[in-house]
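For reference, the structure is listed below as structure tokens.
In the UniProt record's numbering, the protein residues as written are 1 to 309.
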């Protein structure tokens, strides 16, 4: 048996801000994916995934039945039969590995599921997000539900605020264009929970709260608007500001060996870096008006282009 594929995602804008109602923009990233599977001769990795699924089933059986119900008996028997999540999505890299798993389980085992084929009203999207948030909390402690939503729908999601999300279109890529969004591999696995608790701790500080509102959220919202409108000039101006704000206020979330590279990008305008997901490792997101210049400036780093302007 092999289930349908669910893809990874990239939150282009909105990391941390969406916890406090900034805008956000999340896009599917088809380079990585995962599917539910059963093998005759499972690898150690498959066995570990199966063990984790056993704990997940126990957790799902206790979820509020008014929110979502699953065919737990079938799920339990599939898991007892060795089912696991076969995934190429790196864990702890900010591209939604647990999100794809949550989407796959909902797709196969939820009763009365909301499907991609129906008219996705805001109510339905919010309901899905609430279900996914509860499901994914098993992995993270607290989840917005956006990663699984993106993976499940395989559509770009525009977050206007906590209670206002919509599927959206993004400007089509210019394959000949020099401008690009890229992923930079930090080579370190990031843990979401500790990063989020550092952020929550900082939120108790009034100075940090006003920086978040007056600078971080302001530039994040502007970046989302610019990107969707295709206003590249303004997008790079705002991304530069955002990159500065993150360097000055989110240092613990940036792996130490990238502090200098981060600063260098802002000073030379060759590229601007920002967090991809919660940070602390995993991928770092980069924006550049000239991908050749950025590659030259970041020689020796692992770069992966995800979108061309």
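Just so you know, even glycine gets a beta-carbon here, dropped at the ideal spot from N, CA and C. In this text the structure is predicted, and so the values were computed from the model without any measurement.
Proximity to residue i [Cα-Cα], best of the options
i: residue 19; options: 162, 210 and 229; result: 162
i: residue 222; options: 172, 210, 235 and 259; result: 235
i: residue 186; options: 253, 172, 138 and 269; result: 253
i: residue 136; options: 250, 59 and 50; result: 59
i: residue 92; options: 100, 281, 44 and 33; result: 281
i: residue 238; options: 62, 256 and 272; result: 272
i: residue 154; options: 232, 141 and 125; result: 125
i: residue 64; options: 293, 99, 134 and 209; result: 134
For residue i, the three-state DSSP class (helix, strand or coil)
i: residue 332; result: No answer is possible for residue 332: the residues shown for the chain start at 1 and end at 309.
i: residue 53; result: helix
i: residue 252; result: helix
i: residue 231; result: coil
i: residue 11; result: strand
i: residue 101; result: helix
i: residue 274; result: strand
i: residue 157; result: strand
i: residue 304; result: strand
i: residue 181; result: strand
i: residue 309; result: coil
i: residue 152; result: helix
i: residue 146; result: helix
i: residue 288; result: strand
i: residue 33; result: strand
i: residue 24; result: strand
i: residue 106; result: helix
i: residue 164; result: strand
Between the CA atoms of residue j and residue i - distance to the nearest angstrom
i: residue 52; j: residue 76; result: 13 Å
i: residue 10; j: residue 103; result: 15 Å
i: residue 151; j: residue 28; result: 7 Å
i: residue 269; j: residue 214; result: 23 Å
i: residue 291; j: residue 265; result: 13 Å
i: residue 164; j: residue 42; result: 42 Å
i: residue 175; j: residue 219; result: 27 Å
i: residue 127; j: residue 15; result: 21 Å
i: residue 192; j: residue 293; result: 32 Å
i: residue 231; j: residue 301; result: 29 Å
Under 8 Å between C-beta atoms of residue i and residue j
i: residue 46; j: residue 3; result: no
i: residue 8; j: residue 89; result: yes
i: residue 184; j: residue 284; result: yes
i: residue 305; j: residue 180; result: yes
i: residue 189; j: residue 278; result: no
i: residue 25; j: residue 6; result: no
i: residue 149; j: residue 178; result: no
i: residue 227; j: residue 138; result: no
i: residue 30; j: residue 84; result: no
i: residue 216; j: residue 245; result: yes
i: residue 274; j: residue 242; result: yes
i: residue 38; j: residue 81; result: yes
i: residue 100; j: residue 48; result: no
i: residue 98; j: residue 140; result: yes
Minimum Cβ-Cβ distance from residue i to chain C less than 8 Å
i: residue 36; result: Note that chain C does not occur in the displayed structure, where there is just one protein chain.
Check: Are three or more beta carbon pairs between the region 251 to 268 and the region 294 to 305 nearer than 8 Å?
Finding: yes
Next item on the list: Give a yes or no on contact between the region 104 to 121 and the region 58 to 73, applying the rule of three or more CB pairs nearer than 8 Å.
Entry: yes
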